[in-house]
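Q:
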Amino acid sequence: MRHQVHELIAPVPGTARQIHSFHFGPAQAEGKVYIQSSLHADELPGMLVAWHLKVRLAELEAAGRLSSEIVLVPIANPAGLEQVLMDTPLGRYELESGQNFNRLFVDLGEAVGDRVEALLGDDAQHNARLIRAALSTALAEQHAATQLQSQRLVLQRLACEADMVLDLHCDFEAVAHLYTTPEAWPQVEPLARYIGSEANLLATDSGGQSFDECFTLVWWQLQQRFGERFPIPMGSFSVTVELRGQGDVNHGLARLDCQAIIDYLIHFGAITGDPAPLPALPYPATPLAGVEPVATPVGGLLVFSALPGEYLEAGQLIAEIIDPITDRVTPVHCRNAGLLYARSLRRMATAGMVIGHVAGTQAYRSGYLLSP
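Position 183 (the sequence shown) corresponds to 179 in the numbering used here; numbering is contiguous.
#1: Following the continuous alpha helix (DSSP H) through residue -2, name the residue where it begins and the one where it ends.
#2: What does DSSP give as the partner residues of residue 233 in its beta bridges?
#3: Using the three-state DSSP reduction, which class does residue 167 fall into: helix, strand or coil?
#4: Which stretch, first to last residue, makes up the beta strand (DSSP E) that contains residue 339?
#5: For the candidate residues 83, 329, 103, whose alpha-carbon lies nearest to that of residue 203?
#6: Could you tell me the distance, in whole angstroms, from the CA atom of residue 214 to the CA atom of residue 105?
#7: Identify the residues that DSSP records as bridge partners of residue 316: which are they?
#8: Specify the secondary structure class of residue 148 as computed by DSSP and reduced to three states.
#9: Can you tell me the Cα-Cα spacing of residue 122 and residue 114, whole angstroms?
#10: Quick check: the region 50 to 57 against the region 179 to 186, are there 3 or more CB pairs under 8 Å?
#11: Any chance you could list the beta strand (DSSP E) runs of at least 3 consecutive residues sitting entirely within the region 247 to 286, in chain order?
#12: Please list, in chain order, all residues of the same chain as residue 74 whose beta carbon is under 6 Å from its beta carbon, the five residues on each side excluded.
#13: Beta-carbon within less than 7 Å of residue 155's beta-carbon, same chain only, minus the 5 sequence neighbours each way: which residues are those?
#14: Just to confirm the assignment: which complete beta strand (DSSP E) runs, minimum length 3, are found wholly within the region 169 to 218?
#15: Assign residue 137 to one of two classes, buried (16 or more other C-beta atoms within 10 Å of its C-beta) or exposed (fewer than that).
#16: How many whole angstroms separate the CB atoms of residue 251 and residue 48, which I take to be in contact at a CB cut-off of 8 Å?
#17: What separation, rounded to the nearest whole angstrom, lies between the Cα atoms of residue 360 and residue 39?
#18: If the criterion is Cβ atoms closer than 8 Å, does the pair residue 164 and residue 32 meet it?
#19: DSSP on residue 84, reduced to helix/strand/coil?
#20: I need the straight-line Cα distance from residue 46 to residue 16, nearest angstrom please.
#21: Just how far apart, CA to CA, sit residue 238 and residue 167?
#22: Take residue 153 and list the residues in its own chain whose beta-carbon comes closer than 6 Å to its own, dropping the five residues that flank it on each side.
#23: Classify residue 228 as helix, strand or coil using the three-state DSSP reduction.
#24: Could you round the C-beta distance between residue 197 and residue 279 to whole angstroms and report it? I think they count as a contact, below 8 Å.
#25: Look up residue 344 in the DSSP assignment and give the residues it is bridged to.
#26: Are the Cβ atoms of residue 159 and residue 50 separated by less than 8 Å?
#27: Counting along the chain, where does the alpha helix (DSSP H) carrying residue 121 start and finish?
#28: Classify residue 65 as buried or exposed, calling it buried when 16 or more other Cβ atoms lie within 10 Å of its own Cβ.
#29: Give the DSSP-derived three-state secondary structure of residue 23 in the structure shown.
#30: Taking only three categories from DSSP, how would you classify residue 240?
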């Protein structure tokens, strides 16, 4: 194992933060896998899974079973991890800028395309190597002005040459689910099976330039630009893995998730060995544009009547909003049928608040598809 420390810009004198990456397997291997956790710093199940992975990967490395380099970043957001206000962690948004820690990663599709256009040829693998090198160079040329920008750049530089990027998150109260692209789904489906993902949400570009999409979009954009002239493979695929809810931090679940990721890496070929049998897929892949964010029209005490993991029929009751002053009870129903895969942790709702997400099978939304 090789331990690297990456310094971030200090926002004020006397403060310093670092990102720590742990590199397993042969450094010059043909393949590379990148795994990080807790980019939203208040989402901790993935951090515990990463701790278990660190132990397992060291054992597998000692046994000579790693055929790819595997890079692990257990704490992807040291800046957000320190944001605690009156005993409440605030790890989703940077307090100084208000920006989501998982948005606005650098978009380099056009710059990389300009750099490689005159060098591309008829060999897809040669083109892939050119693109990876150009992406790495373009990121090296970027200059950060703030701690947040430097954190984003460190993470992008660590992952930019990876064939596979796994970004470990969680939701508020949720079942296991994941986000990836339609193009990557055939490669990702075994991971969904191993980890028991109950909702698998697909979009090529969901908006916001989140961490996972900042890699896949580069390759997709180059395919759109050069596909009729040169063979451009999808040289990287990314997955945001949502490990249930914020309170699901325990060794039992973490060991299961760790083993699921190991099983997937064996299936993928990054670890040698016989892959474990594939479990059944709990719920088919559906478009992210088919997700219904269920919002309440009024504020009040939020009392749920449906649990994450329940399949709901169109018009089914999800919750009631109770006004204890007027005694008014407002029912909240979903409009579309689908799987309730996540719901709010809060129990005092405000008017217009999204209280749950239902994964339907038919796309009906467009544009920006993510939560802010």
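Even for Gly, the Cβ is constructed at its ideal location relative to N, Cα and C.
A: A quick look at the data gives this:
#1: Here residue -2 belongs to no alpha helix (DSSP H); instead the beta strand (DSSP E) covers -2 to 3.
#2: 160
#3: strand
#4: 334 to 339
#5: 103
#6: Here the C-alpha atom of residue 214 lies approximately 4 Å from the C-alpha atom of residue 105.
#7: Residue pairing of residue 316 in beta bridges, as defined by DSSP: 299, 327.
#8: Reduced to three states, the DSSP call for residue 148 is helix.
#9: 13 Å
#10: no
#11: Within the region 247 to 286, the complete beta strand (DSSP E) segments of 3 residues or longer fall at 281 to 283, listed in chain order.
#12: If we look at residue 74 and ignore the five residues flanking it on each side, its Cβ neighbours are 13.
#13: Excluding five sequence positions before and after residue 155, the CB atoms of its chain that fall closer than 7 Å to its own CB belong to 30, 161, 211, given in chain order.
#14: 173 to 176, 195 to 198
#15: exposed
#16: 6 Å
#17: Their Cα atoms are separated by approximately 29 Å.
#18: yes
#19: strand
#20: 12 Å
#21: 6 Å
#22: 135
#23: coil
#24: Residue 197 to residue 279, Cβ: 10 Å. No contact.
#25: 297
#26: no
#27: 120 to 136
#28: Buried, by the Cβ-count rule.
#29: The three-state secondary structure of residue 23, taken from DSSP, is coil.
#30: In the three-state DSSP reduction, residue 240 falls in the strand class (E or B).
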